[in-house]
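Residue numbers (mature numbering (1 follows the signal peptide of the UniProt record, and there is no 0)): -19 to -1, 1 to 161.
Just so it is clear, CB atoms sit at the ideal spot from N, CA and C, and this is done for glycine as well.
All values derive from a computational prediction rather than experimental measurement.
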C-alpha cells in the first residue's frame, strides 16, 4: 500500500538551516573552483583543489545564475559560514564530481521512500545530447528532491548517486511512501 505523507516543507536533509547554509556555500564555491579560482580563505583552500589559475574566474551563464540564487538563499537564512576554519559539513562534498550542470538548492525538500517504478537514468546535465549517465534509480531506493527543477528536469540524490532526471519521472504513485 502506498502512503502519501504531507509534512509541509522539509528544510535540508539534516533538517537545519545550518546544513542548508553549508550546502549553499559549497555549491556556490564549487562553481568558482571549477572555473579555476584561487581561494584565499582557509576554508576555501581546505575544501577545494589547490589546482587554480586565477583570482578573476569566468563563470558560465548557468553557473552565474546558480551562484546568484545561492547568495540570495544564504542571505535569506542569514548564513554565516566560518571561512577561517578548515572543515565544512556539507552533505554534497564528494557527490558532484560527475555532474556537469550544478543544481540550485531549494528551500524545500521531499523524498520518495521505496521507489517502485521502472529504472530511471540519472545524467550529468539536462537532457541526453551533451550529458552522460551518472547512475540509475532502481526499485527500493530512496530518492531525495531538494533542488530547483529547470527545463523539464530535476536534480535528485540517492544512496547510490546524484544526477538530473526528467521532471515527473518519479511521482508519489511510484513510491511506497512520499514525504514532502
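According to DSSP, residue i sits in a beta bridge with which residue or residues?
i: residue 102; result: 117
i: residue 134; result: 131, 147
i: residue 96; result: 156
Can you tell me where the alpha helix (DSSP H) with residue i in it begins and where it stops?
i: residue 25; result: 23 to 28
i: residue 54; result: 42 to 57
i: residue 20; result: No alpha helix (DSSP H) holds residue 20; DSSP gives it neither H nor E.
Output yes or no for whether 8 Å exceeds the beta carbon distance between residue i and residue j.
i: residue 93; j: residue 159; result: yes
i: residue 4; j: residue 82; result: no
i: residue 140; j: residue 115; result: no
i: residue 103; j: residue 142; result: yes
i: residue 96; j: residue 62; result: no
i: residue 161; j: residue 55; result: no
i: residue 126; j: residue 84; result: no
i: residue 112; j: residue 106; result: yes
Taking only the alpha-carbon atoms, compute the straight-line gap between residue i and residue j and give it to the nearest angstrom.
i: residue 40; j: residue 13; result: 7 Å
i: residue 53; j: residue 157; result: 35 Å
i: residue 148; j: residue 133; result: 5 Å
i: residue 23; j: residue 155; result: 45 Å
i: residue 153; j: residue 10; result: 33 Å
i: residue 146; j: residue 88; result: 20 Å
i: residue 70; j: residue 64; result: 12 Å
i: residue 51; j: residue 118; result: 27 Å
i: residue 44; j: residue 108; result: 17 Å
i: residue 124; j: residue 67; result: 31 Å
i: residue 101; j: residue 122; result: 11 Å
i: residue 77; j: residue -2; result: 20 Å
i: residue 98; j: residue 72; result: 26 Å
i: residue 58; j: residue 38; result: 27 Å
i: residue 46; j: residue -4; result: 24 Å
i: residue 131; j: residue 29; result: 27 Å
Taking residue i as part of the beta strand (DSSP E), name the residues at either end of that continuous run.
i: residue 125; result: 124 to 128
i: residue 159; result: 156 to 160
Sufficient close CB pairs (3 or more, under 8 Å) joining the stretch 9 to 20 to the stretch 28 to 42:
yes
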